[in-house]
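Taking it in order: structure first as structure tokens, then the write-up.
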Amino acid sequence: MNMINRTLKKGSICLIYILVILSFPSCVDEIKVGDAFLEKQPGVDIDKDFVFSKAEFARQFLWDNYSKLYSAWKYHMNGGQVDALTDCYHSFLQWDVLYRTYYNGTYNASVESNMGGDNRGRIGYGDDAYKVWSTVRACWIFIENVDGVPDMTENEKARLKAEAKIIIASRYYDAFVNLGGLPLIDRVYESTDKFEEARATAEETVNFMVGLLDEAIADSNLPWNIPATEIETWAGRLTKASASGLKCKILLFAASPLFNSMDPYTTESPQDAVNEHLVWYGSYKPEYWDKCIAACEQFFNLNSQNGNHYQLIQPTGSSEADYRKAFYTAYHNRGTSENLIEIHYYRTLYEWDNQVPGNTSHYGATAPTLDYMEMFANADGTAFDASAIYNTDNENDIDIFDKRDPRLYETLVVQKKDFMYQGKQVDICLNSKSSLFGSGAVANAFNWNANSIAAHGIGSYKWVLDYQKMGDDPVQWPYMRMAELHLIYAEALAEKGKFTEACYHINKVRERVGLGPIEKCNPTLNLLSDKDNLIKEILRERACEFGLEAIRLHDMTRRKCVSDFTKHLRGIKIYRKDAEAEEVDIDQVAKYPSFRYETYNITASPVRMWWTPGFWTNKWLMAAFPTNEINKGYGLLQNPGW
80 MNMINRTLKK GSICLIYILV ILSFPSCVDE IKVGDAFLEK QPGVDIDKDF
130 VFSKAEFARQ FLWDNYSKLY SAWKYHMNGG QVDALTDCYH SFLQWDVLYR
180 TYYNGTYNAS VESNMGGDNR GRIGYGDDAY KVWSTVRACW IFIENVDGVP
230 DMTENEKARL KAEAKIIIAS RYYDAFVNLG GLPLIDRVYE STDKFEEARA
280 TAEETVNFMV GLLDEAIADS NLPWNIPATE IETWAGRLTK ASASGLKCKI
330 LLFAASPLFN SMDPYTTESP QDAVNEHLVW YGSYKPEYWD KCIAACEQFF
380 NLNSQNGNHY QLIQPTGSSE ADYRKAFYTA YHNRGTSENL IEIHYYRTLY
430 EWDNQVPGNT SHYGATAPTL DYMEMFANAD GTAFDASAIY NTDNENDIDI
480 FDKRDPRLYE TLVVQKKDFM YQGKQVDICL NSKSSLFGSG AVANAFNWNA
530 NSIAAHGIGS YKWVLDYQKM GDDPVQWPYM RMAELHLIYA EALAEKGKFT
580 EACYHINKVR ERVGLGPIEK CNPTLNLLSD KDNLIKEILR ERACEFGLEA
630 IRLHDMTRRK CVSDFTKHLR GIKIYRKDAE AEEVDIDQVA KYPSFRYETY
680 NITASPVRMW WTPGFWTNKW LMAAFPTNEI NKGYGLLQNP GW
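Take the working numbering: the final residue in the sequence shown is number 721, and no numbers are missing along the way.
Here you go:
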């Protein structure tokens, strides 16, 4: 059973927890895991010497830290998802942190002091909920002690240390994108040490993360990928490709305008973090885009040298169903060529934690917006625009949901012909008897709340209704996959004026779902010469590709997309033309009906204070450090505005 993850058979339980709850020999009491791993156990002294006395124990210690890698399912906002802070989703879940602190505008540094357990924000500097610092400490314990394990080869020791460094870098990244410069922990702090490290600059923090990853990439004992013969045992284990891809992800954020600008993102007080360059570089540094490009080139070169092991999942045909299956496989399946870093917590979407999207969406935690639906292109790759159809009688009976980007149907529930759920045509019309989410009957299997899941006339499919075809298959959290590598490279190339090359990598992602070349499908945008338009299209493509993968929020913050944070988000009301007089079951008519569409601004509670003119300030782009940490007086400077 010495494995970190494997493809799970029906009826099995998540292996990551088998690994970390394994018992010691019968003469020793069961060992604790997680933060209690090094506590003394009854009947025996469990200390570092004991843990690193056998390879089996040492491996278990590292595997436990794999379980603390970031997933928006595990590190949720008391049931809320970070995507509901974006323009793609809006939450009606009254007990989540979005509803209680962000939407009403009461979030502040004092709130962060009380973040923990089920009360969670975007990220936590404290360790109660997000386990950043305990994971970092545990990995340094491993790195500093694994050399003493007597029954482990030197090659394995080196490989495992490289994996630990990748874990540290990933946990730093999770905090960095929300907080900026962080204290740099490069060794074990013993229980007798007084932890009083001040924040490093943003640039120093980036260099620290990249340095750890470069060390992992350079280690010959760390494989580029997990061989096919070992995938069943080791799917999810970190590799050289994981380190190389994460390096690109970090450098994209580092190069973006939030920190990389001639001006700080806000001039609000306190400005200590600005003056000390903790939340920006002090100027615009174009070389950061060069670094990002170089990292992407390193990845693709190494991938080529290793037989191009990592590739986008490709469709097996050219039908809409083929494109949908390829996209679904890319974000859902374990151990594929798509995944650079995959996180395993769950066997199914409805197991282990009742705060996963599938269990909280029917309370309104991830209600999609019309603004998000409109981001998805037409099936031929041209831009979607229904502005001339909205709020009219739709005399030409145009179906706005037909012939669209196949990713739309894998991400959202829309009123589309042949969009089936539980063997029936999906019906979300407000004047239809068979409506799943409207004024008629609700879906029996989920007891959907009509005023939440599709409050905006659109429902959630990805991670929510797509569970039906998942069955008992294990799922994975796609922390990073190949589609993101292509779009990272495209954005960096666009910033350096290499528009043709940028479009090539965008089109690699679009081709997977049958969309035409982006530059040809949008001739009026002049994407081969207009950098601003090209960047906007890349961000839109990322939103369509990575729905509910906790990417959109960081795209909006790093690009300082203030207009997207402050615009009043919209919903849509769908009415069947053949049911104006009375409710009619959609399955009782011979011909699929026509519709009219009414759009509206979301006004039901809770509206976001960000939508109130004059309320928004750019302090919201970054999270606050908790007041109780600031007040300890060891030099932890607060982010501006908080």
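Idealized CB from N, CA, C, for every residue including glycine. Keep in mind the model is a prediction, meaning the values are calculated, not measured.
Should residue i and residue j be called a contact, given that it needs their Cβ atoms to be closer than 8 Å?
i	j	result
Trp142	Gly158	no
Arg483	Phe463	yes
Ile392	Ala409	yes
Pro602	Gln160	no
Tyr300	Ala243	Note that residue 300 is Asn in the sequence shown here, rather than Tyr. No, Cβ-Cβ distance for Asn300 and Ala243 is not below 8 Å.
Tyr182	Thr445	no
Trp303	Leu381	yes
Tyr469	Thr678	yes
Leu331	Tyr252	no
Val492	Tyr540	yes
Ala188	Thr696	no
Glu191	Phe704	yes
Ser673	Asp481	no
Lys652	Gly536	yes
For residue i, which residues in the same chain have their Cβ closer than 6 Å to its Cβ, ignoring the five residues on either side in sequence?
i	result
Asp114	In this prediction, Asp114 has a pLDDT of 41, which is less than 50 and means its spatial position is unreliable; what the coordinates show is noted afterwards. Cβ neighbours of Asp114 beyond the five flanking positions: Ser213.
Ile422	Leu148, Ser150, Trp556, Tyr558
Pro485	Glu399, Tyr402, Arg403, Val592
Ala520	In this prediction, Ala520 scores a pLDDT of 33, lower than 50, which makes its location untrustworthy; the coordinate-derived value is nonetheless stated afterwards. Nothing listed; no residue qualifies.
Glu417	Ile392, Ala409, Arg560, Met561
Ile709	Leu715, Gln717
Gly460	Leu594, Gly595, Cys600
In chain order, what residues of the same chain lie with their CB nearer than 8 Å to the CB of residue i, ignoring the 5 residues before and after it?
i	result
Gly712	none
Pro394	Asp401, Tyr402, Lys404, Ala405, Arg591, Val592, Gly593
Thr471	Arg675
Glu283	Gly260, Leu263
Cys582	Ala569, Pro596, Ile597, Glu598, Leu606, Leu607, Leu613
Starting from residue i, trace the alpha helix (DSSP H) both ways and give me its first and last residue.
i	result
Trp212	211–224
Trp174	First-last for Trp174: undefined, no H or E at that position.
Thr284	281–297
Pro485	485–490
Asn707	706–709
Thr439	436–439
Leu564	561–574
Tyr145	134–145
Thr645	641–645
Thr312	310–313
Which residue's Cα is closest to the Cα of residue i: the options?
i	options	result
Ala217	Val285, Asn187, Glu233, Leu148	Leu148
Met156	Val130, Tyr178, Pro672	Tyr178
Met561	Arg266, Phe625, Ser132, Ser466	Phe625
Lys656	Ala573, Trp689, Cys508	Cys508
Asp351	Thr415, Ile305, Ala622, Ala277	Ala277
Ala254	Gly200, Thr603, Asp126	Gly200
Leu566	Ala241, Lys599, Arg619	Arg619
Ala622	Trp699, Val130, Asp166	Asp166
Leu544	Lys370, His441, Ala374	His441
Thr415	Lys370, Ala314, Phe338	Ala314
Gly577	Ile372, Phe480, Ile597	Inspection of the sequence shows that residue 577 is occupied by Lys rather than by Gly. Among Ile372, Phe480, Ile597, the Cα nearest to that of Lys577 belongs to Ile372.
Lys512	Ile665, Thr312, Glu283	Ile665
Ala137	Asn224, Tyr145, Gly502, Ala295	Asn224
Val228	Glu135, Thr346, Ala581, Tyr204	Glu135
Ser146	Val211, Asp450, Thr180	Val211
Leu648	His633, Leu632, Glu347, Arg687	Arg687
The beta strand (DSSP E) that contains residue i, what's its start and end?
i	result
Gly650	649–655
Pro692	Neither: Pro692 is in no beta strand (DSSP E) and is coded neither H nor E.
Pro596	Run containing Pro596: none; DSSP gives neither H nor E here.
What distance in whole Å lies between the Cβ atoms of residue j and residue i, which are believed to be in contact at a cut-off of 8 Å?
i	j	result
Trp556	Leu627	So it is not a contact: roughly 10 Å between Cβ atoms.
Pro336	Lys639	5 Å
Ala702	Asn385	Not really, about 38 Å apart at Cβ, beyond 8 Å.
Leu317	Ile245	5 Å
Thr636	Leu564	In fact, because the Cβ distance is near 21 Å, the residues do not count as touching under 8 Å.
Ala534	Phe171	6 Å
Ala279	Phe287	7 Å
So, at 7 Å on beta carbons, what are the nonlocal neighbours of residue i in its own chain, with the 5 sequence-adjacent residues on each side left out?
i	result
Asn530	Note on Asn530: pLDDT 48, under 50, position unreliable in the model; no value is reported.
Asn198	Asn157, Val176
Trp368	Ala334, Ala571, Glu574, Lys575
Gly714	Ala277
Gln377	Ser323
Gln390	Ser416, Met561
Phe338	Ala281, Val358, Trp359, Tyr360
Thr490	Tyr540, Lys541, Gly626
Met454	Arg619, Ala622, Cys623
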